[in-house]
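What follows is a short report on a single structure.
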Amino acid sequence: MDVSKAMKIKLPNKLPEYPKFVKTIRRAPSRGYNLNPLQTKLALKNALRYIHPSLHSNLAPEFLKELTIRGRIYGYRYRPEGNIQGKPISEYRGKILEGKALQVMVDNNLDFDIALYPYELVTYGESGQVFQNWMQYQLVKMYLEQINNNQTLVIASGHPVGLFPTSHLAPRVISTNGLMIGLYDNPVGFALAAALGVANYGQMTAGGWMYIGPQGIVHGTYITLLNAGRLYLGIPEDKDLKGRLYISSGLGGMSGAQAKAIEIAGGIGVIAEVDESRIKTRYDQGWVSKISDNLDEIFKWVNDAKNLGKAVSIAYHGNVVKLWEYVVKNNIEVDFGTDQTSCHAVYEGGYTPHQISFKEGRELIKTNIKRFKELVDESLKRQFYFIKSMTDRGTHFWDY
114 MDVSKAMKIK LPNKLPEYPK FVKTIRRAPS RGYNLNPLQT KLALKNALRY
164 IHPSLHSNLA PEFLKELTIR GRIYGYRYRP EGNIQGKPIS EYRGKILEGK
214 ALQVMVDNNL DFDIALYPYE LVTYGESGQV FQNWMQYQLV KMYLEQINNN
264 QTLVIASGHP VGLFPTSHLA PRVISTNGLM IGLYDNPVGF ALAAALGVAN
314 YGQMTAGGWM YIGPQGIVHG TYITLLNAGR LYLGIPEDKD LKGRLYISSG
364 LGGMSGAQAK AIEIAGGIGV IAEVDESRIK TRYDQGWVSK ISDNLDEIFK
414 WVNDAKNLGK AVSIAYHGNV VKLWEYVVKN NIEVDFGTDQ TSCHAVYEGG
464 YTPHQISFKE GRELIKTNIK RFKELVDESL KRQFYFIKSM TDRGTHFWDY
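When you read off a place in the sequence shown, starting at 1, and then add 113, the result is the number in our numbering.
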């Protein structure tokens, strides 16, 4: 079959108004601009393929500016104005219920109250995107409005390949994200493909259009923590984690489940998080009980909870390296720990080195990525040193 025949839906040949941005909404850090002139031209061509040729001269400079400043072409002009939310299914256009339902799921992933970086289409995990750009969002919505029960929409890294004839028994959408051949299946190769606009890191449920926040993983995290207690600490099956101390990092979209899970399991958790806005989100949701940037205060709370036999989750607004350093230098007994920093995007903002603040890290990524990487490497080594020191004393640490 000629694939071009499946790609029938096009964006209108009218230039949309540029949307206004809400200043309080989190924005993704720059992903870095490292393309040579030929690659830059290719990235522009890949973005402009969605646009009517009559608009190329208007949009090429705009897309180039996004690429050089943000490191990606997001096509902000094609983003709908205001907040995007999953609406009642009756408010969506479509020929079949499945097409409408999938639109609800897409929009839910991009809600200001849900997505990590809504304007950059990142739902969670620092870099997990629904689509690569807003042109793909618009086109996929149009395809979902037209799909019928005997068609399948094929999507490759957010790019709508087209509608293909299948049957009512087939999936309505077949979607892949981030498929890389072996030679280029590495961080450098993927970063290049993403900058060129041909690869999307969809995480599990961002590009899969089914994100439901930490509620989707809190049960699994609870079971993992409880079984870690049984496996490492010899806790009987009819007992919980009362009096046991757990240390980790991350209160984002997925890692935010840790605080609630340790409380459900009856234990005491101290979770480090450098981004204050993520701590506030979890606190407002009731997923973490206490907040402090003072480690002396935090470990007073820990001791109180141990003495009273109470479960508590504490957000430490600070770097996890400093948290591990504190417990080492103060000879504090830690039963077990892990880490849920977004180290799959360690140089892209998923990890903040201990030498600088979260805000300073975001700025350094833009101005001196080489120095930022050096600080990350130094910080990771220091973090490993303190974790190793604790495991030598009996702390059980595992990769989650």
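For each residue, glycine too, the CB sits at the ideal point set by N, CA and C.
Alpha carbon of residue i to alpha carbon of residue j, nearest angstrom
i	j	result
valine 425	valine 286	43 Å
aspartate 397	leucine 155	44 Å
valine 518	glycine 241	Any property of residue 518 remains undetermined from this structure, which presents the chain solely from 114 to 513.
glycine 467	glycine 188	Here the sequence assigns histidine to residue 467, which means glycine is not the residue at that position. If you take the alpha carbons of histidine 467 and glycine 188, they lie about 34 Å apart.
valine 311	leucine 364	30 Å
asparagine 443	tryptophan 414	15 Å
isoleucine 164	leucine 296	31 Å
isoleucine 500	histidine 509	10 Å
lysine 352	phenylalanine 471	39 Å
threonine 265	methionine 503	53 Å
threonine 153	leucine 305	11 Å
threonine 318	alanine 173	31 Å
phenylalanine 244	phenylalanine 303	15 Å
tyrosine 146	glutamate 487	18 Å
Given residue i as reference, the closest of the options once Cα atoms are compared
i	options	result
valine 387	Ser455, Ile330, Ser203, Asn443	Ser455
glutamate 175	Leu215, Glu211, Tyr131	Tyr131
valine 235	Lys133, Phe510, Asn313, Asn261	Asn313
proline 327	Ala228, Leu161, Gly379, Asn416	Ala228
methionine 120	Arg185, Leu252, Met317	Leu252
asparagine 407	Ala385, Ile186, Leu177	Ala385
alanine 458	Leu421, Val301, Phe134	Val301
leucine 354	Ala374, Ser368, Gly369	Ala374
proline 142	Lys479, Tyr498, Asp505	Lys479
Beta-carbon gap between residue i and residue j smaller than 8 Å
i	j	result
aspartate 452	serine 362	yes
glutamine 496	tryptophan 437	yes
glycine 450	tyrosine 345	no
glutamine 371	glycine 356	no
isoleucine 445	tyrosine 429	no
glutamate 239	glutamate 461	yes
alanine 308	leucine 161	no
asparagine 299	histidine 281	no
asparagine 222	tyrosine 324	yes
tyrosine 237	glycine 366	yes
glycine 184	arginine 144	yes
arginine 484	leucine 477	yes
Counterpart residues of residue i in DSSP-defined beta bridges
i	result
serine 405	Tyr429
glycine 241	Tyr237
alanine 269	His272, Thr289
tyrosine 464	Answer is none; tyrosine 464 lacks a bridge partner.
proline 518	The shown model of the chain, from 114 to 513, leaves out residue 518, and the question about it has no answer.
glycine 450	Ile360, Phe510
tyrosine 230	Val235
Under the three-state DSSP convention, the category residue i falls into
i	result
glutamine 264	strand
histidine 509	strand
glycine 382	strand
histidine 332	helix
valine 311	coil
lysine 136	coil
glutamine 371	helix
glutamine 216	helix
tryptophan 247	helix
aspartate 224	coil
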